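As structure tokens, the structure follows; a few thoughts come after it.
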Amino acid sequence: MKKLSFTCQSQLDEEREKMLETDPDLAELMADQFLLDYQKQRMMEMMAKAEKLHFGQLFELDGSEDFLNAIDNEDKTVTVIVHIYQKDVPACDAMNGCLITLAEEYPAVKFCKIIASKVGVSKHFKKEGVPALLVYKNGQIIGNFVQLSTSLGDDFYSSDVESFLIEHGLLNDKRCVPAIIKSKEDDDSDSD
């Protein structure tokens, strides 16, 4: 995954260089220090806002009303991941353990779990569809994964679930820091 990130970054850099070579006005604008400082400041503000939204735990939802409130009453920038599970299903137990760990690692993401019978799913879904993850942002579903034991097995680790969610674009890879922020962090460490 890291190798692909580097490859994509270099291709992006090449495209940016070509664009700057063909449009001198854009090159001048991109080199403007005021604009670069503004971009850095704005990015830092957005990251600070994301850090203020702190969950850090796996929330148990007690019924369909809690389920709807967990999604609809959340800030539009927050990703809400809901695990639909059944008790005494090994893959569901593993998923709950993984989500507890991920909730601590991704405190800006709201992780929830709810027993399948409390959201009114069919008997077939309770037996064959769990564990299931539903992912929401701004009240809209952006990810829907059922019968995850098919792809993850019955015993898996939080790193497996994390990779799965990153691959599907539902969690941000913590190793990917915007270049504008990375250069700011490098500047700060140089001044020490």
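In the UniProt record's numbering, the protein residues as written are 1 to 192. Cβ coordinates follow ideal geometry from the N, Cα and C atoms, glycine included. The structure presented is a predicted model; accordingly, all values stated were derived computationally and were not measured.
Proximity to residue i [Cα-Cα], best of the options
i           : options           : result
residue 57  : 154, 168, 112     : 112
residue 164 : 37, 98, 121, 138  : 98
residue 130 : 138, 34, 121      : 121
residue 55  : 74, 132, 45       : 74
residue 80  : 65, 139, 88       : 139
residue 125 : 35, 24, 89        : 89
residue 91  : 53, 150, 119      : 150
residue 94  : 38, 153, 66, 53   : 153
residue 82  : 144, 166, 174, 18 : 144
residue 147 : 78, 84, 44        : 84
Beta bridge counterpart(s) of residue i as assigned by DSSP
i           : result
residue 112 : 59, 82
residue 136 : 80, 141
Residue i burial status per 10 Å Cβ neighbour count (16 or more: buried)
i           : result
residue 7   : Its pLDDT being 48, under 50, residue 7 is placed unreliably by the model, and nothing is read from it.
residue 22  : exposed
residue 41  : exposed
residue 134 : buried
residue 36  : exposed
residue 156 : buried
residue 4   : Caution applies to residue 4, whose pLDDT of 49 falls short of 50 and renders its modelled position unreliable; the model cannot decide the point.
residue 2   : Any reading at residue 2 must be qualified, since the residue scores a pLDDT of 48, below 50, and its modelled position is unreliable; the value itself is stated next. Per the 10 Å Cβ criterion, exposed.
residue 141 : exposed
residue 197 : Any property of residue 197 remains undetermined from this structure, which presents the chain solely from 1 to 192.
residue 127 : exposed
residue 17  : exposed
residue 193 : Here the chain comprises residues numbered 1 to 192, so residue 193 is not present and cannot be evaluated.
Inset, instruction - Assess, as a yes-or-no matter, whether the segment 59-72 is touched by the segment 108-124 under the definition of 3 or more beta carbon pairs within less than 8 Å. - result: By the Cβ criterion, the segment 108-124 is in contact with the segment 59-72, since at least three pairs of Cβ atoms, one from each stretch, lie closer than 8 Å.
Inset, instruction - Check whether the segment 85-104 touches the segment 40-49, counting contact only when three or more Cβ pairs, one atom from each stretch, lie closer than 8 Å. - result: no
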